[in-house]
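Here the sequence shown is numbered in my numbering, starting from 648 and rising by one per residue.
Step one of this worksheet: look at the structure below.
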Amino acid sequence: MMNENNDVFTMEDEPIASVVQDMRKGSKWLSAFLESYRPPLDGERYLTDGEVSELLRVSRR
């Protein structure tokens, strides 16, 4: 890829480095999402006891 001065962009150049960093963040987010994703059961999504206690801000005991 080249800019208006016909200079070649490298991985260290700001526009490219910024895009690469954003892609890495997106990849990490997607990996975390897919790790915790559970398909719905008959159109409903059930929560674990840990998820419920976190949402209600109560102890699991």
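Heads up, the beta-carbon is just placed ideally off N, CA and C, and yes, glycines get one too.
Quick one: what does DSSP say residue i is sitting in, helix, strand or coil?
i, result
"phenylalanine 655", "Looking at the sequence shown, residue 655 is not phenylalanine but valine. If DSSP states are grouped into helix, strand and coil, valine 655 belongs with the strands."
"serine 683", "helix"
In the DSSP output, which residue or residues are listed as bridge partners for residue i?
i, result
"leucine 677", "Looking at the DSSP assignment, leucine 677 forms no beta bridge with any residue, so it has no partner."
"threonine 691", "Sequence check: residue 691 is glutamate here, not threonine. For glutamate 691, which the question treats as bridged, DSSP gives the partners Leu688."
What separation, rounded to the nearest whole angstrom, lies between the Cα atoms of residue i and residue j?
i, j, result
"lysine 672", "valine 699", "27 angstroms"
"leucine 702", "glutamine 668", "31 angstroms"
"threonine 695", "asparagine 652", "57 angstroms"
"leucine 681", "tyrosine 693", "16 angstroms"
"phenylalanine 656", "lysine 675", "25 angstroms"
I believe residue i touches residue j by the beta-carbon criterion, under 8 angstroms. Please report the beta-carbon distance rounded to the nearest angstrom.
i, j, result
"methionine 670", "alanine 664", "With 8 angstroms as the limit, methionine 670 and alanine 664 do not qualify as a contact, their Cβ atoms being about 11 angstroms apart."
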